[in-house]
Each structure stands twice: as structure tokens, then as C-alpha cells.
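Enquirer:
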Amino acid sequence: MIVSVVDGDPTVDSVLVRLGEGDELVVERLEDLGGELGEVVRTLEQLQLKRVHLKVLREGLDSASGDMAATLSGLRAAAEFQQRTKHEAWRRGIDAAREAGAFRGGRPRKTLDLDVLAELRTQGVGATEIARRLNVSRWSVYRRLKQLDGAA
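The structure is reproduced here in C-alpha cells:
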């Protein structure tokens, strides 16, 4: 069976499922095999395991010519480098944000205005109703009420 993925078919996985040993896959560009380099490498490895013949038209690659092993090795190294570089850049960004005080980690917390909370409490509104009105958890209301009682 010859399968062609010329127009960047977004369902390469569905094509891979149908392919078996001895089949041939023809793609226009290497990037048709995945959105990122790591995906392309994984797809190439799957094709290699299934013993599927691959032709990449634009790059002129053909698994029958024997140069595919060297290409795959080079792509693996490039994918690892890309992943490492991305991670290091992400790490530097997080560290810079922390130093600037803009990133503490975790999910953003809702702020609960203590003045509003104190006003509702003096009106006799219960913790459950305060939580509902302010769209916060009842536990958050109890924690802030304890904070108010400690300040008094």
C-alpha cells in the first residue's frame, strides 16, 4: 500500500495506524510527520520499527537509499538540543521573574478584601453566605475571619 501525505494531513497518527511492513509513505515535507522536531523523530522511529518505506519529496530523503539512519541520528541530536535549549530558556525566564518578584509559583490566589469581609460580618452574614457572595471558598472566609480576630 502506498499512502501519501502531501498537503500536511493533520492526522498522521491515523495514517501510521494503517501502515504495515513493506508499505510506503510519501510526504511532501519532513515537517508533515509532526509539528515539532521531537514528534518528527518519534514518527520516523515508528516507521522504522514497522519497516515502512518513507519518501520525503522536498528534502529528497528515501529510506531505501540508506541515508535515513544518518538523518534520523542527526534529527535525534537536534531534537535533544532543541528540548534542552527550550528548558534552559524556560528556566531562565522563571528565575528572572522570581528575582523581579513577578513569579512565586503555584496558582494565582484570589484576594479577599478584609474591609468587605469585616462589613459583611458586622451585618451578621454567615461564613457560607459570605463565601457565596465573594465567590471564594468557605475555608478562605474562615481563614480571613481568624486573621481579622487576631488583628483585633
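For reference, each letter of the sequence shown is one residue, going 1478 to 1629 in our numbering. The C-beta atom is built at its ideal place from N, Cα and C for all residues, glycine as well.
#1: Kindly provide the ranges of any alpha helix (DSSP H) runs that are 4 or more residues long and lie completely inside the region 1491-1520, ordered along the chain.
#2: Does ARG1637 pass the burial test, meaning 16 or more other C-beta atoms within 10 Å, or should it be called exposed?
#3: Within this structure, are the beta carbons of LEU1493 and GLN1523 separated by less than 7 Å?
#4: Could you say which of LEU1510, VAL1529, ARG1535, VAL1504 lies nearest to GLU1498 if we only look at CA atoms?
#5: Restricting to Cα atoms, I'd like to know which of ARG1506, GLU1513, ARG1609 is closest to LEU1531.
#6: Could you tell me which uninterrupted alpha helix (DSSP H) segments, each at least 4 residues in length, are contained entirely in the region 1537-1619, listed from first to last along the chain?
#7: Going by DSSP, name the residue or residues bridged to LYS1532.
#8: What do you get for LEU1502, buried or exposed, if any count of 16 or more other CB atoms within 10 angstroms of its CB means buried?
Expert: Per the coordinate set shown:
#1: Counting only runs of 4 or more residues that sit fully inside the region 1491-1520, no alpha helix (DSSP H) segment turns up.
#2: No information on residue 1637 is available, as it lies outside the stretch 1478 to 1629 that the chain covers here.
#3: Taking the first residue of the sequence shown as 1, we reach residue 1493 at position 16. Taking the first residue of the sequence shown as 1, we reach residue 1523 at position 46. If you check the CB distance, LEU1493 and GLN1523 come in under 7 Å.
#4: Working through the sequence shown from its first residue, we reach residue 1498 at position 21. Of all alpha-carbon atoms in LEU1510, VAL1529, ARG1535, VAL1504, the one lying nearest the alpha-carbon of GLU1498 is that of VAL1529.
#5: Stepping through the sequence shown from its first residue, residue 1531 is reached at position 54. When only C-alpha atoms are compared, the closest one is ARG1506.
#6: Annotation note: the region 1537-1619 contains the following uninterrupted alpha helix (DSSP H) runs of length 4 or greater, listed N- to C-terminal: 1545-1576, 1591-1599, 1604-1611.
#7: The residue labelled residue 1532 in the question sits at position 55 within the sequence shown. Within the DSSP bridge table, the entry for LYS1532 names VAL1503, ASP1539 as partners.
#8: Start at 1 with the first residue of the sequence shown, and residue 1502 comes out as number 25. Buried, because 16 or more other Cβ atoms sit within 10 Å of the Cβ of LEU1502.
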